[in-house]
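Below is the structure:
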């Protein structure tokens with residue numbers, strides 16, 4: 239089973255899109271960190287609680303050596319937040335793929351030979367696994383781009399390709 243480590247940004251967008259249940263229906267093992275959960279509003283955390291309680295999402299805390307590694311990474315890459323570094327360290331520890339839309343974190347993780355996924359991969363997986371229809375994926379992708387997170391900067395051509403693949407491009 240694919241192991242995925244969630245950064246806060248995609249979780250927040252999935253909550254706003256009301257796709258959290260569909261996301262956690264994916265055939266993946268999900269992780270995040272206690273530092274990432276701190277970034278969320280109480281209402282957002284509450285929506286994640288059921289998945290944490292049902293062990294659908296595992297929350298990693300850190301030991302002293304992990305905190306030391308976070309400090310080292312931040313010294314090397316000061317643009318990365320403590321939460322960004324925690325997601326990276328978590329992905330290393332669980333040998334998982336990193337799920338983020340943060341470009342600085344993405345570039346750093348890729349430079350360290352880590353597999354990084356983003357919003358479009360999530361949509362692809364939900365459609366491919368039959369969790370959501372192409373129609374719903376189209377509606378939610380447009381909502382993500384236009385309303386929920388217009389500054390996200392998803393590649394326009396890749397979005398159009400997906401809309402066409404789902405047979406719903408206009």
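In our numbering, the protein residues as written are 239 to 408.
Virtual Cβ for every residue (Gly too), placed ideally from N, Cα, C.
Asked: Sufficient close CB pairs (3 or more, under 8 Å) joining the region 291-299 to the region 343-351; Found: no
Asked: Assigned secondary structure, residue 262 (DSSP; H/G/I helix, E/B strand, else coil); Found: coil
Asked: Closest Cα partner of residue 414 within the set 260, 335, 272 and 336; Found: There is simply no residue 414 to check, as the chain begins at 239 and stops at 408 in what is shown.
Asked: Integer-rounded CB distance, given that residue 246 should sit under 8 Å from residue 278; Found: 6 Å
Asked: Cβ distance (whole Å) where residue 312 is taken to contact residue 328 below 8 Å; Found: Contact flag wrong, Cβ pair sits at about 15 Å.
Asked: Distance between residue 252 and residue 361 (C-alpha atoms, nearest Å); Found: 10 Å
Asked: Close Cβ partners of residue 399 (< 8 Å) along its chain, the five nearest in sequence each way excluded; Found: none
Asked: Spatial distance of residue 255 from residue 316 (CA atoms); Found: 31 Å
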